[in-house]
Structures are given as C-alpha cells and as structure tokens.
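Below you'll find the structure, written out as structure tokens, and then a few comments.
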Amino acid sequence: MSAEASTSTSRKRVRDEDGDGFTRDDGGRTGKAARGLDGEAVPGVPGLTVVTDAVSPEDELALLAQVDNGEWMTSLKRRVQHYGYRYDYRSRKVAPESYLGELPEWSKQVMARLGAAGDGEFDQLIVNEYEPGQGISAHIDCKPCFAGVIVSVSLGSGAVMRFAKDDVVCDVWLPARSAVVLTGPARWEWSHSIAGRKSDKVGGVRIKRTRRVSLTFRTVRLAGSEPATGE
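For the sequence shown, full-length UniProt numbering gives the first residue as 1, with consecutive numbering after it.
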C-alpha cells in the first residue's frame with residue numbers, strides 16, 4: 001500500500017488552527033514501514049509514516065459496528081474503550097493487575113490485514129471516539145509504559161494531527177481508513193495532538209469532520225511502567 005500525506009511544517013510559530021498552507025508531497029516513499037506496513041514517510045518528522053486506504057470501506061463499517069458493540073468508558077471528555085491492558089489516566093501508568101485479557105478477534109484481524117502484528121507483539125488497544133469539535137491535547141504516549149512502535153487507524157472521519165518538537169510544528173492530514181505509524185523520533189521525541197474543531201482545511205479545501213473513531217495499537221512495557229506524561 002502507498003500513502004499520500006498532506007503536511008505543513010513551520011518553525012518558531014504555530015500554524016493557525018484552520019490548518020491553512022497545506023502542501024501535498026508525493027516523495028519520501030518508505031517501501032516497507034514498521035512491522036511490514038507499506039506507507040509514505042512524512043517529510044520533516046523522522047519515523048512517521050502514513051498509510052492511506054489501510055482498511056477497505058466495507059471493513060471500516062464492520063469495525064465500527066464491532067466497536068459500538070463494546071462497552072464505552074465515559075470518565076473522559078471523549079468516550080474510550082480499553083483492551084488488553086487498561087491505561088490509568090490518573091496515575092499515567094499500566095500495572096500488571098490492569099490486564100483485561102487478549103485483544104478481541106476483530107482487532108487481531110485488523111493487525112493481520114495491516115501486516116502490523118503477525119508476531120502478536122501488540123497487546124494493548126485503546127479505542128477513542130471523537131465527535132466534531134472534540135480533540136486531544138499535545139502529548140507523547142507514556143514512555144515507560146509502551147514500546148517503540150505505535151499504530152493508529154482512523155475510522156469514520158479524517159482529522160489533522162499536529163506533531164511538534166521544540167520550535168518545529170508539522171500538521172498531517174489523516175484521512176478516514178488511514179493508518180499512522182509512529183517509530184523512532186516520531187514516537188519518542190515529537191508530541192502529537194488534534195485540535196478541537198469541526199472542520200479542517202487541507203489543500204485549500206474545507207473538510208467537515210464527522211464522528212471519528214481511532215484504533216491505537218501499542219505494546220505494554222510492564223517492567224518499566226512508572227508514572228510519566230502520556231495519553
């Protein structure tokens with residue numbers, strides 16, 4: 001699979017929340033990304049890859065139906081589901097006693113289709129639901145809690161995800177049915193966030209958001225799971 005990401009990079013100042021100034025880049029193909037994913041490297045953010053059409057439209061509908069059959073947690077501003085291990089947002093850690101069981105079969109099928117976890121390495125899944133206007137603050141996923149490869153699939157709607165490090169900001173358009181892969185510096189050094197707004201402007205075109213569900217696959221590091229900043 002190949003991917004085309006719309007990105008915008010700025011230094012010393014943050015782009016406006018509308019995401020104006022996006023450009024399309026056809027270069028930077030990675031061939032094989034982390035865990036066998038075919039994707040396209042995002043210029044300016046080492047270790048970041050976007051895979052478009054990671055799942056089919058039919059699979060997207062089936063996955064959303066499976067998700068909606070699950071039990072939602074409503075303690076946050078957005079609804080979430082945890083599988084494998086429960087991440088403690090208050091203490092910001094994953095404890096051995098938080099084990100919930102194996103990942104659901106439907107999620108294993110997603111990983112197999114993506115070629116992302118044929119060795120069964122991912123053992124934690126967080127499902128996040130974002131209604132139009134909802135977002136998530138800038139963060140780096142808990143470093144002691146999770147290993148060095150994170151894969152997140154967008155279902156239902158796209159969104160602009162902002163990556164930032166020091167004075168450099170890069171806005172990346174993640175279309176519906178795409179997967180974003182974080183490895184290396186993108187995983188450990190760059191924060192990522194989604195602005196709470198109802199539309200994004202990509203390539204000069206205003207795109208309204210609808211309900212977006214993300215499936216984020218991670219690998220738990222219990223031995224080093226100590227309190228740390230992360231989502």
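Cβ atoms here follow ideal geometry from the backbone N, Cα and C, with glycine treated the same way.
- According to the DSSP secondary-structure assignment, Met161 is paired through a beta bridge with Val172.
- Between the alpha carbons of Met161 and Val80 lies a distance of about 18 Å.
- Distances from the alpha-carbon of Thr49 to those of Val151, Asn128 and Tyr87 put Val151 closest.
- Pro96 counts as exposed, since fewer than 16 other beta carbons sit within 10 angstroms of its beta carbon.
- Residues Gly84, Tyr85, Arg218 and Val220 of the same chain have their beta carbon placed closer than 6 Å to that of Gln124, with the five preceding and five following residues left out of the count.
- In summary, Tyr89 is exposed, with fewer than 16 beta-carbon neighbours lying within 10 Å of its beta-carbon over all protein chains present.
- In terms of CA proximity to Ser98, Tyr87 leads the group Pro175, Tyr87, Glu105 and Trp106.
- The Cβ neighbour count for Ala159, taken over all protein chains shown within 10 Å, is at least 16; the residue is labelled buried.
- Residue state for Leu114 is assigned as helix, using DSSP reduced to three classes.
- If only complete runs of 4 or more residues are kept, the UniProt domain "Fe2OG dioxygenase" (121 to 221) shows the alpha helix (DSSP H) at 184 to 188, in order along the chain.
- Annotation: Ser56 to Arg177 spans about 7 Å, alpha carbon to alpha carbon.
- Pairing Val42 with Val172 gives a Cβ-Cβ distance under 7 Å.
- Around Gly135, the same chain offers Ile194, Ala195 and Gly196 as residues with beta carbons nearer than 6 Å, after the five sequence neighbours per side are excluded.
- From the listed residues Glu40, Gly44 and Asp38, the smallest Cα separation to Asp167 is found for Gly44.
- If you ignore the 5 residues before and after Lys77, its C-beta comes within less than 8 Å of the C-beta of Gln134, all in its own chain and listed in chain order.
- The continuous beta strand (DSSP E) containing Leu48 extends over residues Leu48 to Val51.
- DSSP places Lys77 in the coil class of the three-state scheme, outside both helix and strand.
- Cβ-Cβ distances below 6 Å link Trp106 to Gln66 in the same chain, with the five nearest sequence neighbours on each side left out; the list follows chain order.
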